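Using my numbering, read the sequence shown as starting at 138 and increasing by one per residue.
The beta carbon of each residue, even a glycine, is placed where N, CA and C say it ideally should be.
Since we're looking at a predicted model, the values are computed, not measured.
Structure, as structure tokens:
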Amino acid sequence: MSNFKSLVSGVGNLSKTTKYYDDWSENYDATLKLWNYQAPKKSIKFLIEKINIKPKNILDLACGTGLFGAELKKVYPKSHIYGSDISKKSLKISSGKKIYKKLQIKNFEQLHHYKIKFDLISLIGSMTYCKNFDKFFANINKNIKEKGFVIFTHRIDLWDKQDFLSILKKHQKSLKINKISRPVNYLPLNKDFKNKIKIKIVLLQKY
Ligand SMILES: C[S@@+](CC[C@H](N)C(=O)[O-])C[C@H]1O[C@@H](n2cnc3c(N)ncnc32)[C@H](O)[C@@H]1O
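What follows is the structure in structure tokens.
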């Protein structure tokens, strides 16, 4: 992958982001292993410590090549896990891992249409790309079950810049803030991130 820098800055418009992850898809898992990508393992640990239900239906937004899906599958082997992403090539890779019941190419800011409601919705390592939080939360609210959980990560540099806590508070009428983690490492072996850019893990619950 040629332009690692753009991982820090965010990639830009949707078609650029799609191309970026399509081009990276073959090497994505190996690269993230080199950088000791922490978000999937830390998020699953955070999740199982905080919730005591076994989610029957899970929607993994921006699932990419399925790194968080794999963690979900380990702890919830009987759950039906659905995934979506804008990168067709990443979805081809996650499809090969036999984690997901169904995958679709879709922007997480667009309403997803399913016949079921989900017990858990996740967005790991991808909030960076959210341009319109109202649209993202509309999609969540449409698809989450009553009392269902939402887990996502967000970079703390962007969190501060966007005053992200007030964004969460704005949506608190429908999605209660259950827990926000302290800053945790994200890509500790990547020179641009190291211990400079950490993430918070957030757990919300539908009223
Ligand atoms: C850093 S990867 C994280 C993938 C996966 N969740 C993981 O933890 O490995 C970011 C993913 O977000 C996807 N993405 C970026 N913007 C998106 C959008 N608006 N809608 C859906 N997926 C998006 C990319 O295609 C990429 O697969």
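The DSSP-derived three-state label of E283 is strand. Checking the 7 Å criterion, the Cβ of I317 is out of range of every heavy atom belonging to ligand 1. With fewer than 16 other Cβ atoms from the protein chains shown falling within 10 Å of its own Cβ, G149 counts as exposed. With a threshold of 16 other beta carbon atoms within 10 Å, D300 falls short and is exposed. A contact is defined here as three or more CB-CB pairs under 8 Å, and the stretch 170 to 185 meets this definition with respect to the stretch 251 to 262. Distances from the CA of Y323 to each of K153, L169 and G147 were compared; the closest alpha carbon is that of L169.
Here DSSP, grouped into helix, strand and coil, assigns N244 to coil. With respect to the 8 Å criterion, N280 and H308 are not classified as neighbours on the basis of their beta carbons. According to the DSSP secondary-structure assignment, T290 is paired through a beta bridge with I338. In the displayed model, G149 falls within coil according to three-state DSSP, outside both helix and strand. If you check the C-beta of E246 against ligand 1, you find a heavy atom less than 7 Å away. Membership of K313 in the beta strand (DSSP E) is indicated by the continuous run L312 to I317.
K333 and I277 have their C-alpha atoms spaced approximately 30 Å apart. A straight-line Cα-Cα distance of about 20 Å links Y219 and T155. Here the C-alpha atom of N315 lies approximately 25 Å from the C-alpha atom of Q247. The residue from P320, K211, F270 and K328 with its alpha-carbon nearest to that of R292 is P320.
When Cβ pairs closer than 8 Å are counted between the two stretches, the stretch 223 to 235 is seen not to touch the stretch 283 to 298, the count staying below three.
For F183, no beta strand (DSSP E) encloses it; the enclosing alpha helix (DSSP H) starts and ends at A176 to K187. For K187, the closest of P325, S318 and K331 by C-alpha to C-alpha distance is S318. Here S224 is buried, its C-beta having at least 16 other C-beta atoms within 10 Å.
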